[in-house]
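Written below as structure tokens is the structure these notes are about.
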Amino acid sequence: MSKHHTPTSQPHCPDMRIFAPMQILDGKLVAQTVKESLKTKTAQHLAAGKKQPHLAAVLVGHDGASETYVASKVKNCEETGFKSTLIRLDTTATEAELVAVVEKLNQDTGIDGILVQLPLPKQINEDRIISLIDPQKDVDGFHPVSVGRMVQGLPSFIPATPYGILLLLEHYNIDTQGKHAVVIGRSNIVGRPISILLNRNSYPGNCTVTVCHSHTQNLAGICRQADIIVAALGRPGFLKADMVKEGAVVIDVGITRVPDPSKKSGYAIKGDVDFEAVAPKCSYITPVPGGVGLMTIAALMKNTLYACEQKNIIS
Ligand code: NAD
């Protein structure tokens, strides 16, 4: 039983437990706290005559969601006191053109962090581009060197979304040691790295982790055994109340645009969790929007400051 649960002492109902009220993991609040701290550190750096952190973002094409994410990253740089450079390439850009941009950014000593917004148009090989980024500037943490170092528990960039989840768990002091964490999804950017990080001998970590995917059998039964569930599969409302045990911690990573004529934009953002039904059973839960998405950008900012401070982490 989690330390967040309070067993009753009623003698006639030995199995009945009173659970602590559900608490929202407020990504907006925590992201703001992280950014305020980064802003203070950046101001101190500048006052000490040190370099201003500088993030370069590369956007290929005009995908709506990617445009929104990149604009938000640039805005967050401004708010935090970082410099940012946005490089745009047309949807029809060739792989050679993007390679040339990345190589130029690698050479530019003024740039601390490089992010190439994914997904890329299909004529460009994403894996090749990611592996061309200088590992010392790999603030997205997708380069094989970063991933290898993360797996080995060495200092490294941690991919922004999993890092944001860790920061949330840490902020709310959520107990993870010895807990059973079930991660739904095994992508390189969310599911796989968060499963490795929750399993690390660290805090947050020391979980026993089960990674589920599209071929997993009895997924509902596995989820019912979880103390912590990370839903990262991209299927709106997938995690239902009957898949969650009382008192579980639920982290909803999903972001899907669902048509909604009542919205000015014409769509609503939906998570992978059936929030209304699941939330009352949880000890903690992230909302969508207002949860992991905002933490992802805060974590990217942390990685950028780290890149600026630790020019030589890859020894
Ligand atoms: P992906 O498509 O790369 O991977 C999805 C994973 O889910 C796969 O491993 C697949 O095996 C698994 N899956 C699919 N259907 C399943 C099912 N029915 N049962 C069990 N597993 C199933 O997706 P991704 O890039 O990891 O993103 C997942 C979701 O998270 C998306 O909605 C994405 O938009 C969102 N996302 C959010 C953030 C954020 O900042 N909050 C960041 C990245 C991704």
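Under this note's numbering, think of the first position of the sequence shown as 7, with each following residue one higher. Just so it is clear, CB atoms sit at the ideal spot from N, CA and C, and this is done for glycine as well. Given the structure is predicted, the values throughout are model-derived calculations rather than measurements.
So the beta strand (DSSP E) residue i belongs to, where does it begin and stop?
{"i": "G154", "result": "Segment 150 to 157 is the alpha helix (DSSP H) holding G154; no beta strand (DSSP E) there."}
{"i": "A274", "result": "273 to 276"}
{"i": "L204", "result": "Segment 197 to 205 is the alpha helix (DSSP H) holding L204; no beta strand (DSSP E) there."}
{"i": "L92", "result": "89 to 95"}
{"i": "T216", "result": "214 to 218"}
{"i": "V145", "result": "Neither: V145 is in no beta strand (DSSP E) and is coded neither H nor E."}
Any heavy atom of the ligand NAD within a distance shorter than 8 Å of the CB on residue i?
{"i": "V196", "result": "yes"}
{"i": "C218", "result": "yes"}
{"i": "I202", "result": "no"}
{"i": "A166", "result": "yes"}
{"i": "V256", "result": "no"}
{"i": "S193", "result": "yes"}
Can you name, in chain order, every residue of its own chain whose Cβ lies under 7 Å from the Cβ of residue i, other than the five neighbours on each side?
{"i": "P295", "result": "I275"}
{"i": "P150", "result": "S137"}
{"i": "S321", "result": "Legend: pLDDT at S321 = 37, less than 50; position of this residue unreliable, value from coordinates given subsequently. Taken in chain order, the list of residues that qualify is empty."}
Applying the 10 Å Cβ sphere with the 16-neighbour rule, what's the burial state of residue i?
{"i": "D133", "result": "exposed"}
{"i": "L160", "result": "exposed"}
{"i": "V256", "result": "buried"}
{"i": "A304", "result": "buried"}
{"i": "Q142", "result": "buried"}
{"i": "K79", "result": "buried"}
{"i": "H18", "result": "In this predicted model, H18 has a pLDDT of only 46, less than 50, meaning its place in the structure is not dependable; the value taken from the coordinates is given anyway. Classification of H18: exposed, given that the 10 Å Cβ count is below 16."}
{"i": "S271", "result": "exposed"}
{"i": "G227", "result": "exposed"}
{"i": "K185", "result": "buried"}
{"i": "S220", "result": "exposed"}
For residue i versus residue j, is the C-beta distance shorter than 9 Å?
{"i": "I117", "j": "H51", "result": "no"}
{"i": "M301", "j": "V36", "result": "yes"}
{"i": "V173", "j": "K308", "result": "Note on residue identity: the sequence assigns Leu, not Val, to residue 173. It is a contact, given that the beta carbons lie within the stated cut-off."}
{"i": "V279", "j": "G299", "result": "no"}
{"i": "V196", "j": "T167", "result": "yes"}
{"i": "I235", "j": "I180", "result": "no"}
{"i": "I291", "j": "I30", "result": "yes"}
Please confirm if residue i has its CB atom under 9 Å from at least one CB of chain C.
{"i": "L61", "result": "The structure shown has no chain C; it contains just one protein chain."}
So, at 6 Å on beta carbons, what are the nonlocal neighbours of residue i in its own chain, with the 5 sequence-adjacent residues on each side left out?
{"i": "G67", "result": "T97, P127"}
{"i": "Q123", "result": "L65, S72, V76"}
{"i": "A238", "result": "G191, V196, G197, V259"}
Excluding five sequence neighbours on each side, which residues of the same chain lie with their C-beta closer than 8 Å to the C-beta of residue i?
{"i": "E101", "result": "Q129, I130, N131, R134, I135"}
{"i": "E85", "result": "K41, K45"}
{"i": "Y273", "result": "R263, V264, P265, D266"}
Please report the residue range of the alpha helix (DSSP H) in which residue i lies.
{"i": "V66", "result": "Careful: V66 lies outside any alpha helix (DSSP H), inside the beta strand (DSSP E) at 60 to 66."}
{"i": "P265", "result": "It is not in any alpha helix (DSSP H) - P265 instead sits in the beta strand (DSSP E) that spans 262 to 265."}
{"i": "C229", "result": "225 to 230"}
{"i": "D133", "result": "132 to 138"}
{"i": "G240", "result": "Run containing G240: none; DSSP gives neither H nor E here."}
{"i": "I303", "result": "298 to 315"}
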